[in-house]
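Contents: one structure, followed by commentary.
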């Protein structure tokens, strides 16, 4: 089945620094990837839709200058949290849809990245 | 607008059957996903219903009624490892996916 790889799984950084999270579709091409944020005991909150070769579409209330998304190829999307602050500490998850004939249009998630900003 | 609703928490006993309901209202709809998520982990795929009716997959079954905007996930022969959050998500033709708040299921011995 489709596999989405997300790295790093855990990252701790100092306030004011930037952190990059990578999301790769390993065995299929994904023109669209999705980035979510999840707080403890809450559901997934869609942050943005990453589109290969074009600008990402951000959900209302999400700062695009704060959360930079780049979808440079059909298998890689990156989320960069710029000038991170403690309130940015969260669980970030990416997902991609396998639209190939064998993929059954399933939305597959990466393993998630737990960001802790000190 | 888009809205998905499901119970926040449910409790059931090991070996029992539990049904988790999900109602949805979306501007576009192609199908309904169910995912299982254990604490601190990413969601894993359980089912995807496009057509009305019941689809069975082992101990888990999922039902969809498009006319009623309603779906449920049925878990049989509950095991302790089934304690997790269960998320339903409406597929808006792949443009985005609207997730419900998730149902935290606790399976008691």
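Protein chains in written order, with the working numbering: chain A, 34 to 151; chain B, 18 to 126.
Glycine residues also receive a C-beta, built at the ideal position from the N, C-alpha and C atoms.
| Check | Outcome |
| --- | --- |
| Against chain B: residues of the segment 94-120 of chain A by CB proximity under 9 Å | none |
| Cutoff 8 Å: residue 114/B Cβ touching any chain A Cβ | yes |
| Identified DSSP bridge partners for residue 141/A | 129/A |
| CB contact below 8 Å: residue 59/B versus chain A | yes |
| Residue 74/A versus residue 23/B: straight-line alpha-carbon distance, rounded | 14 Å |
| Candidates 118/A, 40/A, 63/A: closest to residue 83/A by CA position | 63/A |
| 8 Å contact criterion, which residue 125/A and residue 70/A should meet: CB distance rounded | 6 Å |
| Distance between beta carbons of residue 150/A and residue 121/A, contact taken as under 8 Å | 5 Å |
| Contacts of residue 118/B in chain A (Cβ-Cβ under 8 Å) | 75, 76 |
| As assigned by DSSP and simplified to three states, the class of residue 74/B | strand |
| Other residues of its chain near residue 48/A: CB distance less than 8 Å, five sequence neighbours each side excluded | 117, 118, 119, 150, 151 |
| Neighbourhood of residue 92/A by C-beta, 7 Å cutoff - its chain only, sequence neighbours within 5 removed | 79, 80, 81 |
| Minimum length 3: unbroken beta strand (DSSP E) runs contained in the segment 76-107 of chain B | 77-82, 87-92 |
| Within chain B, the residues that residue 139/A reaches when beta carbons sit closer than 9 Å | 50, 62, 65 |
| Beta-carbon contacts of residue 41/B that lie in its chain and below 6 Å, excluding the five residues immediately before and after | 21, 86, 107 |
| Distance between residue 87/A and residue 89/B (C-alpha atoms, nearest Å) | 37 Å |
| Cβ-based neighbour list, residue 59/A, same chain, cut-off 6 Å, excluding 5 preceding and 5 following | 36, 38 |
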